[in-house]
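Visitor: Residue numbers (the working numbering): 748 to 1165.
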């Protein structure tokens, strides 16, 4: 017997349909998965087999062939488990085949049949919303783990049904129970106050020139580099930039949430990100960590900082490969990761804030401390950043050392709301 249903997969932050065709035929017991499935997808055979049996259903002792179409697109991850299990149950007559129509199934199965949350649900739901609009506003039904349900509703115009386990799914498809549609109040989420404890620009005293430069950079979306000796407040200033940036629009929030969803970084109790991202990777980070990559390409720091701030402290200490790799995202606002089988695009429109010392020891032209670097060491330190990269940084600002008397008695800094 043959069954057909639909699931969803991701290429970068964009979704695409995957059609699951299940055929059960006479022959020696065998379970084949075809359709350019990655090893993580092929592992679904054991999870699905155990989940069906441990949920009290019959797993056929026959020849099972599951095809994931289109066969020329690579499939990766564990999100296909639920669709494969539903296909087998439909092919064996344990659930009605017509109950699978107009539904999209995604989710990972545990061995006892419970459904586990998966990354990228927001991006999948956004794709299904667009697909429904292209079909004349038709609302598609997305069946997925209950823990992902609230996240999926943020896309809008998608009917979301969260299920806890395989037994509940079968009961729903057989119309033995009803599942309420999950809904989210976007207005209430967006109207929330700024998180308590977020660093605020008004907490900074002194460095009026640097603060003014950061305000200009924030207003115009300019990239900026801060140069000064250790202890002058460069990092403190950078960490407070998000507090003077304008609040994200709903469209921007959804863009940022989609990227973090694909990376698996969303919190269950906070499915929509309303604050601008601030990312500060260590200078030992690899090019894959900064730009994105891996066998199954994941977004890097430049994409996780989309619509927010990417702060690179100790700028010259990053590898030259990483620094030169920043040129494309700074110029184009996106990163393209190319593999033999695919090319993945991730958005990366961020404000770059870099900081550095004036020399390797940090005290070149310091009023109180002597610089121990030679002229050659200083020259080598400064040429680590190439001309084409520095041309993409609009503002170069000196952050001088301050004395205690310069800060004593000074009034509280300008409010972030100014």
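Here a beta-carbon is modelled for each residue, glycine too, at the ideal position from N, C-alpha and C.
Remember, predicted model here, so these are calculated numbers, not experimental data.
Consult DSSP for residue 981 and reduce its assignment to one of helix, strand or coil.
Guide: Residue 981: helix per DSSP, three-state reduction.
Visitor: Who pairs with residue 1104 in a beta bridge, going by DSSP?
Guide: BP columns for residue 1104 are empty, so no partner.
Visitor: In the DSSP assignment, find the unbroken alpha helix (DSSP H) run with residue 735 in it and report its ends.
Guide: No answer is possible for residue 735: it lies beyond the span of the chain, which begins at 748 and ends at 1165.
Visitor: In chain order, what residues of the same chain have a beta carbon less than 6 Å from the beta carbon of residue 1109, not counting five sequence neighbours either side?
Guide: Cβ neighbours of residue 1109 beyond the five flanking positions: 976, 977.
Visitor: Does any C-beta atom of chain B lie closer than 7 Å to the C-beta of residue 1106?
Guide: Within the model displayed, chain B is absent; a lone protein chain is all it includes.
Visitor: Around the C-beta of residue 987, are 16 or more other C-beta atoms found within 10 angstroms, so that it is buried, or is it exposed?
Guide: Classification for residue 987: buried.
Visitor: From what residue to what residue does the beta strand (DSSP E) around residue 1092 run?
Guide: Unbroken beta strand (DSSP E) run through residue 1092: 1090 to 1094.
Visitor: With DSSP as the reference, please indicate the residues paired to residue 755 in a beta bridge.
Guide: Answer is 764.
Visitor: Label residue 774 either buried or exposed according to how many other C-beta atoms from any shown protein chain fall within 10 Å of its C-beta, with 16 as the threshold for buried.
Guide: Its Cβ having fewer than 16 others within 10 Å, residue 774 is exposed.
Visitor: Going by beta-carbon coordinates alone, are residue 974 and residue 1103 separated by less than 7 Å?
Guide: Yes, they are a contact pair.
Visitor: Specify the secondary structure class of residue 811 as computed by DSSP and reduced to three states.
Guide: The answer is strand: DSSP assigns residue 811 an E or B state.
Visitor: Determine the closest residue to residue 901 out of 920, 867, 922, 828, with distance taken between C-alpha atoms.
Guide: That would be 867, whose Cα lies nearest to the Cα of residue 901.
Visitor: State buried or exposed for residue 838, treating a residue as buried only when at least 16 other CB atoms are found within 10 Å of its CB.
Guide: Classification for residue 838: buried.
Visitor: Below 7 Å between beta carbons: does that hold for residue 855 and residue 823?
Guide: Their beta carbons are not under 7 Å apart, which means residue 855 does not touch residue 823 by this criterion.
Visitor: Measure the alpha-carbon distance for residue 1016 versus residue 896 and round it to whole angstroms.
Guide: C-alpha separation (whole angstroms): 11 Å.
Visitor: Is it true that the CB of residue 990 sits closer than 7 Å to the CB of residue 948?
Guide: Yes, the Cβ-Cβ distance between residue 948 and residue 990 is below 7 Å.
Visitor: Please identify the residue among 888, 1090, 1132 whose C-alpha is closest to the C-alpha of residue 1071.
Guide: If we check each option's Cα against that of residue 1071, 1132 comes out closest.
Visitor: On the CB-based measure, 16 or more other CB atoms within 10 Å of its CB, does residue 924 come out buried or exposed?
Guide: Classification for residue 924: exposed.
Visitor: With a 10 Å radius around its C-beta and 16 neighbouring C-beta atoms as the bar for buried, classify residue 1121 as buried or exposed.
Guide: The residue in question, residue 1121, is exposed, as its Cβ has fewer than 16 Cβ neighbours within 10 Å.
Visitor: Between which residues of its own chain and residue 850 is the CB-CB distance below 6 Å, once the five residues before and five after are set aside?
Guide: Hits under 6 Å: 888, 890.
Visitor: Using DSSP with H/G/I as helix, E/B as strand and the rest coil, what is residue 852?
Guide: Strand.
Visitor: Is residue 881 helix, strand or coil when you go by DSSP?
Guide: Of the three classes helix, strand and coil, the one that applies to residue 881 here is helix, per DSSP.
Visitor: What does a CB cutoff of less than 6 Å around residue 871 pick up in its chain, not counting 5 residues either side in sequence?
Guide: The residues are 755, 762.
Visitor: By alpha-carbon positions, which one of 790, 841, 846 ends up nearest to residue 826?
Guide: Among 790, 841, 846, the Cα nearest to that of residue 826 belongs to 790.
Visitor: Does DSSP put residue 888 in a helix, in a strand, or in coil?
Guide: In the structure shown, residue 888 sits in a strand (DSSP, three-state: E or B).
Visitor: Using DSSP with H/G/I as helix, E/B as strand and the rest coil, what is residue 770?
Guide: Correct three-state label for residue 770: strand.
Visitor: Please report the distance separating the alpha-carbon of residue 1137 from that of residue 1147.
Guide: Computed Cα separation, rounded: 21 Å.
Visitor: Quick one: is residue 1047 buried, meaning 16 or more other Cβ sit within 10 Å of its Cβ, or exposed?
Guide: Its Cβ being crowded by 16 or more others within 10 Å, residue 1047 is buried.
Visitor: Using only CA atoms, which one of 1057, 1063, 1097, 1116 lies nearest to residue 1128?
Guide: Nearest C-alpha to residue 1128: 1063.
Visitor: So, with DSSP's three-state summary, where would you put residue 940?
Guide: Bear in mind that a pLDDT of 45 at residue 940, under 50, signals an unreliable position, so the number given afterwards is only what the model happens to contain. If DSSP states are grouped into helix, strand and coil, residue 940 belongs with coil.
Visitor: Relative to the C-alpha of residue 1096, which residue among 1055, 957, 874 is closest?
Guide: Residue 1096 has its Cα closest to that of 1055, out of 1055, 957, 874.
Visitor: What's the gap between the Cα of residue 1073 and the Cα of residue 1087?
Guide: Distance between the alpha carbons of residue 1073 and residue 1087 is about 22 Å.
Visitor: Tell me the start and end of each unbroken alpha helix (DSSP H) in the stretch 994 to 1073 that is at least 4 residues and wholly inside, in chain order.
Guide: The stretch 994 to 1073 contains these whole alpha helix (DSSP H) runs: 997 to 1009, 1034 to 1038, 1048 to 1051, 1067 to 1072.
Visitor: Bridge partners for residue 1143 per DSSP, in chain order?
Guide: Answer is 972, bridged to residue 1143.
Visitor: Looking at residue 968: is its Cβ nearer than 7 Å to the Cβ of residue 1123?
Guide: Contact: no.
Visitor: Pick helix, strand or coil for residue 798, following the three-state DSSP scheme.
Guide: Helix, per DSSP.
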